[in-house]
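Undergrad:
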Amino acid sequence: MKIWGTPLAVLTTAALLSLSACAAYTDAPAASTSATATAKLQVAVAFYPFEFIVDRVGGDQVSVENLTAAGAEPHDLELTPQQVASLSTVDLVVYQSGFQPAVDTAVQQAQPRATVDTASFLTLIDASADGAAGETGTSAKDPHTWLDPTNMVTIAEHVRDALSAAHPADAQAFAENTETLVADLEHLDKTLAADLSGCAITPFITSHAAFGYLAKRYGLTQVGINGVEPDVEPSAARIAQVQQIARTNHVTTIFFETLVSPTVSESIAGDLGLKTDVLDPLEGITSESRGTNYLEVMTSNGAALQKANQCS
Ligand SMILES: [Zn+2]
């Protein structure tokens, strides 16, 4: 048996290789340097919500690499030299310029074949509209575009177009996948609109001011204890200000989030005898997340706000 073991193993490997060769695209342009070693379009995404979109739009035809490791906080992302180099070989990079400086620099250096830069077509709102004006002074625009599901629809359509340009043979599949995703996002939008209508309390208080787009879409007001950057310590004056807003508006709950320490939120809530709860800015998905994907976690966010703000 031992004698036959090796040739059989070789045969099996050869059979598998020929199988995967069959699955490879046969109509790849002659200029393509990626040979047929892999059958899938390679896409790098800057952080989780873009991974969700590319997974859904690309389906089996696409392999996605998230530059922000699971459980890591994307604002202060640093990239390894290997990650930067990988951007020059992938078929598409999906990112948002102005959000993660390391990704902006890497895209400039690596010159990817194609990019989708969400900041080039979405309307970014002012960070100062988030109720934390002047607290950090680090960013004039709020980067958290993905917390409005209608922005996710627009991003999905751009990803669909970019994937179709990279591989026209699958354009039909990408279009169908996008239709299904858009239907899911529109359903989410309707659910959130229903959950967050007729609220007794308009403001909600959160640790890092990530929810400006969500607040704007559904008619609430965000009060960020911190600014749009999650890891900046709030001043004593800002904490006093937030406590005053909480008292005046009969706020019931101070929110914190999954990837950032809850200490400040817990201390403010403790001082005022209020509850704490989680609002998740979807900057990553972990086992702590209230849901396994963008749609589920956003639904959980809506339910938490509905309860805290006493919506009908
Ligand atoms: Zn953030």
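Under the working numbering, the letters of the sequence shown match residues 34 to 345, in that order. For glycine and all other residues, C-beta sits at the position ideal for the given N, C-alpha and C.
Can you give me the C-alpha to C-alpha distance between residue 162 and residue 267, rounded to a whole angstrom?
TA: Sequence index remark: in the sequence shown, residue 162 carries index 129 (1-based). Sequence index remark: in the sequence shown, residue 267 carries index 234 (1-based). Per-residue confidence for residue 162 stands at a pLDDT of 44, beneath the threshold of 50, marking its modelled position as unreliable; the derived number appears in the next sentence. The straight-line gap from Cα to Cα measures roughly 17 Å.
Undergrad: With a CB to CB cut of under 6 Å and the five nearest residues on each side skipped, what residues in its chain are close to residue 331?
TA: Numbered from its first residue, the sequence shown carries residue 331 at position 298. Excluding positions up to five away in sequence, the list reads 221.
Undergrad: Let me check you understand the geometry: is the CB of residue 314 closer than 7 Å to at least one non-hydrogen atom of ligand 1?
TA: Taking the first residue of the sequence shown as 1, we reach residue 314 at position 281. It does: the Cβ of residue 314 is within 7 Å (strictly closer) of some heavy atom of ligand 1.
Undergrad: Spell out the partners DSSP gives residue 286 in its beta bridges.
TA: Taking the first residue of the sequence shown as 1, we reach residue 286 at position 253. Residue 286 is bridged to 308.
Undergrad: For ligand 1, is there any heavy atom lying closer than 7 Å to the beta carbon of residue 243?
TA: Stepping through the sequence shown from its first residue, residue 243 is reached at position 210. Yes, Cβ of residue 243 sits closer than 7 Å to a heavy atom of ligand 1.
Undergrad: Can you look up residue 332 in the DSSP assignment and give me helix, strand or coil?
TA: Working through the sequence shown from its first residue, we reach residue 332 at position 299. In the structure shown, residue 332 sits in a helix (DSSP, three-state: H, G or I).
Undergrad: Looking only at its chain, what residues have a beta carbon closer than 8 Å to the beta carbon of residue 98, apart from the 5 residues adjacent to it on each side?
TA: Indexing the sequence shown from 1 puts residue 98 at position 65. Cβ within range, chain order: 75, 76, 77, 78, 119, 123.
Undergrad: Just how far apart, CA to CA, sit residue 344 and residue 223?
TA: Reading the sequence shown from its first residue, position 311 is the one you call residue 344. Reading the sequence shown from its first residue, position 190 is the one you call residue 223. About 15 Å.
Undergrad: Could you please give me the residues that DSSP links to residue 237 through a beta bridge?
TA: Translated into positions along the sequence shown, residue 237 becomes position 204. 255.
Undergrad: For the 8 Å Cβ check, are there 3 or more pairs between the segment 315 to 322 and the segment 202 to 218?
TA: Counting Cβ pairs under 8 Å, fewer than three are found: no touch.
Undergrad: Would you mind giving the Cβ-Cβ distance between residue 278 and residue 302, rounded to the nearest angstrom? I have them listed as a contact below 8 Å.
TA: Reading the sequence shown from its first residue, position 245 is the one you call residue 278. Reading the sequence shown from its first residue, position 269 is the one you call residue 302. The pair is not a contact, with the Cβ atoms about 13 Å apart (cut-off 8 Å).
Undergrad: Can you tell which of 261, 237, 342, 265 has its C-alpha closest to the C-alpha of residue 254?
TA: Numbered from its first residue, the sequence shown carries residue 254 at position 221. When each option's Cα is compared against that of residue 254, the closest is 237.
Undergrad: Roughly how many angstroms separate the alpha carbons of residue 191 and residue 110, rounded to a whole number?
TA: Position 158 of the sequence shown, counted from the start, is the residue given in the question as residue 191. Position 77 of the sequence shown, counted from the start, is the residue given in the question as residue 110. The alpha-carbon atoms of residue 191 and residue 110 are separated by roughly 24 Å.
Undergrad: Are the beta-carbon atoms belonging to residue 283 and residue 257 less than 8 Å from one another?
TA: Looking up residue 283 in the sequence shown gives position 250. Looking up residue 257 in the sequence shown gives position 224. No; because the gap between Cβ atoms is not below 8 Å, this pair is not in contact.
Undergrad: Counting only runs that start and end within the segment 107 to 150, where is the alpha helix (DSSP H) found for 4 or more residues in a row?
TA: Runs found: 114 to 119, 134 to 143.
Undergrad: At what residues does the beta strand (DSSP E) containing residue 294 begin and finish?
TA: Taking the sequence shown and counting its residues from 1, one reaches residue 294 at position 261. That residue, residue 294, is in no beta strand (DSSP E); it is neither H nor E in DSSP.
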